[in-house]
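Residue numbers (the UniProt record's numbering): 1 to 669.
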């Protein structure tokens, strides 16, 4: 099969076609955009004058690649089974002998190669192999055949691979699915006119290509059926094309395919005689037979489609253009001087400070819809959780092994002193053990709080600096470094607080003394019950006996009857002293942590963060930070470049279509 030829009627105009090879059916056109022209029985000049501006416009839009912006162009898409004779018909449409002075070139993968009629088939095969490989596969990459010629109007067509279900050697197993997906991609847009090529011998109602076209064009209003090889199956053809059981809205055209070495002129002459003299084919209306009728129909259908769709295309171009312009305006202003960078920098820092004040200090809910940003409530929640853990810790449990630890420490702390005097060193030993037992909880709380605050601060900074890549990097480093230091400072402060609690026993809180007195009112009753129960019941020292101690609860005292009355009295006194004081210690820890964090967060928001970011940008380690602010992030730069290119393309497209819009409505009507 030769290449597709194009001709024009006044001067010379460029037209593009994209063709790929299907080795199972000679050379067919897949994923293509081909412009076909005819020189036999030319369309009248007045008609040319009307459609030429529209065809030129669509051509220019196609060259501008406006389809890349999601704007579909009116196109005739050729589909059919592998053996339907599709390629032969397309050759007949454009396969006349080219006169001297014609120009042919192939464009693919950014390459442009000149060719001629003698070498066009071989050049197409070679180009196809480069694109799709030499294993009979297919590709959606266009191969463009560019033809310049004088004479008649042109057509723009997309010729796709023939439908086949059984892969031949070298083809992938899913070749049918690949071809079907490609066909559906091209026939689905409402702007596409479907030229469905059918062999006369096939049952139209079960034809795969008909099924595909009907799935996207249920009424058939944009489907034209081309019946090929009519000389091989003339029986019943008249009934098939007149009954129209498959809803072909644009009608049928029947043609005889050129065979063997027939010239195009010979093939047309044979076809003309066939449709005039054949006993069956001659009964088909002459408006439905022949290559010239097909050409006329395609030219008219394409012109009407362009006229109908061009206003819609104009609207889509305008909508896309306005959308891209709005998107471009939302991008950060490009910074060219340090002054501009500073002007952009200061409001960002100010806005970040205000947001963090609302979130971290004032607890406002309207700053961010994200629950994690309601920081004051979250901090209170974490503080309450810490308080609960401190009170529930084993070191804080006053009921377990009641008085056992106190008795053991008193035994070790015996000295030459009054028997009824509780020694301070015994109290401190117990206190240090209890503080050590809970020390991991407040330190873990400090770590948790600062990790949370870091996430909140980073979230605000990243949101406010997202348009300035280098500033975002500096802000992140500044935030992470600052909060790491503040975390370490808080951990050091908390460690000192715990060490102070271990070192001395002091409080001016009057609740300590009053609580101790309240607890000590049970001392005599408690000791009396211990010994009375064991005496009255005749119980041994290992018998389980429980007594309720107010403020503490039920405690096991069976093992205490073996100790002297004085030692139990001292142990009870020591226990109540520690119980009263331990409540003070825990409250003091919680209150101190709350106040410390509140002050630290306030300093972070009001002073430290801004100072750290400025230092990061302008300090000795990163002193060129302001200059680096002028560098766009890669994502923004790519987006800006893409938008600018698309806007340029759409503006050029708008200029193209605006030049002919005045006459479009009249022609369409």
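For every residue, glycine included, the Cβ atom is placed at its ideal position computed from N, Cα and C.
It should be emphasised that the depicted structure is a prediction, and the values quoted were computed from it without experimental measurement.
Around the C-beta of residue i, are 16 or more other C-beta atoms found within 10 angstroms, so that it is buried, or is it exposed?
i	result
residue 506	exposed
residue 354	exposed
residue 97	Reliability fails at residue 97, whose pLDDT of 38 lies under 50, so the model's placement of it is uncertain and the value that follows must be treated cautiously. Exposed, because fewer than 16 other Cβ atoms sit within 10 Å of the Cβ of residue 97.
residue 658	exposed
residue 500	exposed
residue 257	buried
residue 165	exposed
residue 315	exposed
residue 682	Missing from the structure shown is residue 682; the chain here goes from 1 to 669 and no further.
residue 470	buried
residue 638	exposed
residue 286	exposed
residue 611	exposed
residue 21	With a pLDDT of 29 at residue 21, under the threshold of 50, the modelled position of this residue cannot be trusted; read the value that follows with caution. Flag for residue 21 reads buried.
residue 460	buried
residue 508	exposed
residue 268	buried
residue 468	buried
residue 518	exposed
residue 172	exposed
residue 336	exposed
Can you check DSSP and say which residues form a bridge with residue i?
i	result
residue 80	197
residue 438	In the DSSP output, where bridge partners are listed per residue, residue 438 has none listed.
residue 554	548
residue 163	81
residue 111	108
residue 227	198 and 254
residue 192	75
Could you tell me the alpha carbon to alpha carbon distance between residue i and residue j, rounded to whole angstroms?
i	j	result
residue 61	residue 478	50 Å
residue 465	residue 489	28 Å
residue 280	residue 239	10 Å
residue 688	residue 345	Beyond the ends of the chain as shown, which are 1 and 669, falls residue 688; an answer cannot be given.
residue 308	residue 143	28 Å
residue 162	residue 80	6 Å
residue 569	residue 526	9 Å
residue 600	residue 544	52 Å
residue 52	residue 196	26 Å
residue 587	residue 440	16 Å
residue 77	residue 192	7 Å
residue 58	residue 310	9 Å
residue 189	residue 298	18 Å
residue 399	residue 472	55 Å
residue 200	residue 64	39 Å
residue 462	residue 632	15 Å
residue 564	residue 448	48 Å
residue 72	residue 306	11 Å
residue 451	residue 484	9 Å
residue 654	residue 56	14 Å
residue 413	residue 547	27 Å
residue 318	residue 642	17 Å
residue 427	residue 362	43 Å
residue 275	residue 126	38 Å
residue 141	residue 114	19 Å
residue 33	residue 634	Bear in mind that a pLDDT of 34 at residue 33, under 50, signals an unreliable position, so the model cannot answer this.
residue 296	residue 334	55 Å
Between residue i and residue j, how many whole angstroms is the CB-CB distance? I'm expecting something under 8 Å.
i	j	result
residue 364	residue 571	With a Cβ gap of about 54 Å, residue 364 and residue 571 do not count as contacting.
residue 198	residue 87	Not really, about 14 Å apart at Cβ, beyond 8 Å.
residue 647	residue 331	The pair is not a contact, with the Cβ atoms about 12 Å apart (cut-off 8 Å).
residue 167	residue 175	4 Å
residue 494	residue 442	5 Å
residue 255	residue 241	Their Cβ separation, rounded to whole angstroms, is 12 Å, which puts residue 255 and residue 241 out of contact at 8 Å.
residue 550	residue 402	In fact, because the Cβ distance is near 13 Å, the residues do not count as touching under 8 Å.
residue 704	residue 252	Because the chain in this structure spans residues 1 to 669, residue 704 falls outside the shown range and cannot be described.
residue 106	residue 124	7 Å
residue 237	residue 230	6 Å
residue 582	residue 396	7 Å
residue 651	residue 321	7 Å
Could you pull out every unbroken alpha helix (DSSP H) segment of at least 4 residues lying fully inside the segment 469-530, listed in chain order? 469-503 and 510-520
4-residue-minimum alpha helix (DSSP H) runs that sit fully inside the segment 247-307, ordered along the chain: 264-277
Can you list, in chain order, the stretches of the beta strand (DSSP E) that have 3 or more residues and sit fully within the segment 557-587? none
Alpha helix (DSSP H) runs contained entirely in the segment 375-416, provided each spans 4 or more residues: 375-392 and 404-412
What are the complete alpha helix (DSSP H) segments, minimum 4 residues, inside the segment 587-620? 609-618
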